[in-house]
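This report concerns only the one structure given below.
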Amino acid sequence: MRRVISSVLFLLVLGGCVRRWTETEVYVTAVNWTSDNKVVFVKEVITWQCEEIPPFISERAEVKSDEFYLCEINYDGTGLREICYLWDRPGGINAISSAGEWIVFSDNIYREIYVIKRDGTGLEKVGYGVNPDFSPDASRIVYEKPDSGIWIMDRDGGNDHCIVSDPDAKYPAWSPDDTLIAYVIAKSETLHICDIFGNILKTYTPLEGGWYESPDWAPKDTNAVIVAVNGRGWSEIVYLSNDTIKKDKVGWYAKWSPDGSRYISYDGSWYVIRRDGTNKWYLKDKIEGGEK
């Protein structure tokens with residue numbers, strides 16, 4: 604009888620002590636400048652369903668929701684606003700670009716390209732690919748079609764055509780004067796500059812080894828591209844006018860503001876900083892509940 608009572612008490616304790624709760628994590632992803640020197644980005648909010656079952660004190664967690672919000676903030680960290688809710692589905696936003704009153708972005712899992720107005724209206728899927736970048740007037744999009752090179756299409760998805768057929772061509776970026784495309788070749792680890800028809804004009808290699816990634820055009824009057832050097836943790840500025848390359852103090856994935864005064868960059872978390880290295884602030888600090 605004592606053994607039966609002990610077994611019943613064990614089961615009651617086991618069944619009565621299961622603890623369930625949720626935990627939330629906030630991330631910043633897909634960051635870029637707007638043409639009027641604001642910062643546009645995506646806030647990802649992941650809610651985990653957690654469970655603890657004694658006596659083993661094991662925790663089990665599964666994603667309850669994975670929500671994405673389009674946001675905008677001033678270059679000095681003021682004026683944070685949530686433009687709109689995008690969706691609740693797994694996978695992150697791959698890249699984002701803005702020109703005028705338009706935004707284009709793509710997602711990681713489905714590799715779908717979407718356009719939306721900066722006021723949060725008109726969300727529309729226009730094609731399939733990754734790393735989209737708007738032309739200066741937002742009428743066309745250059746993007747990477749996985750294993751199929753660099754392509755250009757109209758903002759509504761029409762007139763879709765290939766300009767660089769090399770399957771290793773990645774990370775296209777449209778110049779602010781509307782005449783050139785920068786991209787990298789993953790296999791050769793080089794930066795290429797071509798016209799909008801795909802004719803290669805110049806090729807560059809990193810100063811001190813590593814490989815180029817994620818080029819972004821500098822302000823229009825600089826005639827330069829700023830490009831991350833993977834494996835080194837810094838970015839380099841490539842000046843097309845005299846073919847010189849300079850290492851810059853800013854970190855990975857740097858994006859130069861249209862007015863030339865600031866960078867967006869990444870050191871494990873996205874931040875904005877003046878070109879002289881002052882006034883550094885992290886986007887995640889500006890999100891409610893976020894940490895650097």
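Take the position in the sequence shown, starting the count at 1, then add 603; the result is the number in my numbering. We treat Cβ as the ideally placed atom computed from N, Cα and C, and that holds for glycine. In this text the structure is predicted, and so the values were computed from the model without any measurement.
Identify which residue in CYS765, ASP780, LYS852, ALA831 has its Cα closest to the Cα of THR825. In the sequence shown, counting from the first residue as 1, residue 825 sits at position 222. Ranking CYS765, ASP780, LYS852, ALA831 by Cα distance to THR825 puts ASP780 first.
Is ASP888 helix, strand or coil when you go by DSSP? Counted from its first residue, the sequence shown places residue 888 at position 285. The answer is helix: DSSP assigns ASP888 an H, G or I state.
8 Å contact criterion, which SER709 and ALA698 should meet: CB distance rounded: Within the sequence shown, residue 709 is the residue found at index 106, counting from 1. Within the sequence shown, residue 698 is the residue found at index 95, counting from 1. Right, their Cβ atoms sit about 6 Å apart.
If you draw a straight line from the C-alpha of GLY863 to the C-alpha of ILE829, how long is it? Reading the sequence shown from its first residue, position 260 is the one you call residue 863. Reading the sequence shown from its first residue, position 226 is the one you call residue 829. Using only the alpha carbons, I get a separation of about 12 Å.
Give the C-beta separation of ILE696 and VAL645 to the nearest angstrom, bearing in mind that I take them to be a contact with Cβ-Cβ under 8 Å. Residue 696 sits at position 93 when you count from the first residue of the sequence shown. Residue 645 sits at position 42 when you count from the first residue of the sequence shown. Going by Cβ atoms, the distance from ILE696 to VAL645 rounds to 4 Å, so yes, they are a contact pair.
From which residue to which residue does the beta strand (DSSP E) around THR793 run? Reading the sequence shown from its first residue, position 190 is the one you call residue 793. Counting along the chain, the beta strand (DSSP E) containing THR793 begins and ends at 793-798.
Measuring straight from C-alpha to C-alpha, what distance separates ASP759 and TYR786? On the sequence shown, residue 759 is found 156 positions in, with the first residue counted as 1. On the sequence shown, residue 786 is found 183 positions in, with the first residue counted as 1. One C-alpha to the other measures close to 23 Å.
Tell me the DSSP bridge mates of ILE548? Residue 548 lies beyond the residue range present for the chain, which begins at 604 and ends at 895; the question has no answer from this structure.
SER700 versus GLY730, GLY725, PRO735, ILE676, residue with shortest Cα-Cα distance: Residue 700 sits at position 97 when you count from the first residue of the sequence shown. That would be PRO735, whose Cα lies nearest to the Cα of SER700.
What is the C-beta distance between ARG865 and ILE876, in whole angstroms, given that I count them as a contact (C-beta under 8 Å)? Residue mapping note: residue 865 aligns to position 262 of the sequence shown, counting from 1. Residue mapping note: residue 876 aligns to position 273 of the sequence shown, counting from 1. Rounded, the Cβ-Cβ distance is 6 Å, consistent with contact.
Output the distance between the C-alpha atoms of LEU804 and VAL832, rounded to the nearest integer angstrom. On the sequence shown, residue 804 is found 201 positions in, with the first residue counted as 1. On the sequence shown, residue 832 is found 229 positions in, with the first residue counted as 1. Near 21 Å, if we compare the C-alpha coordinates of VAL832 and LEU804.
Can you tell me which of LYS887, GLU839, TRP873, GLU715 puts its alpha carbon nearest to the alpha carbon of TYR807? One-based indexing of the sequence shown puts residue 807 at position 204. Out of LYS887, GLU839, TRP873, GLU715, GLU839 has the C-alpha closest to the C-alpha of TYR807.
Just the C-alpha distance for ILE796 and ALA827, rounded to the nearest angstrom, thanks. By 1-based counting over the sequence shown, the position of residue 796 is 193. By 1-based counting over the sequence shown, the position of residue 827 is 224. Cα-Cα distance, rounded: 11 Å.
Sorted by chain position, which residues of the same chain lie with C-beta nearer than 6 Å to LEU683's C-beta, five sequence neighbours on each side aside? As a first step, residue 683 is located in the sequence shown; it is residue number 80 there, counting from the start. Excluding positions up to five away in sequence, the list reads ILE676, LYS889.
Exposed or buried, ALA741, counting other C-beta atoms within 10 Å across all chains shown (16 or more means buried)? Locating residue 741 in the sequence shown gives position 138, where the first residue counts as 1. Answer is buried; the Cβ neighbour count reaches 16.
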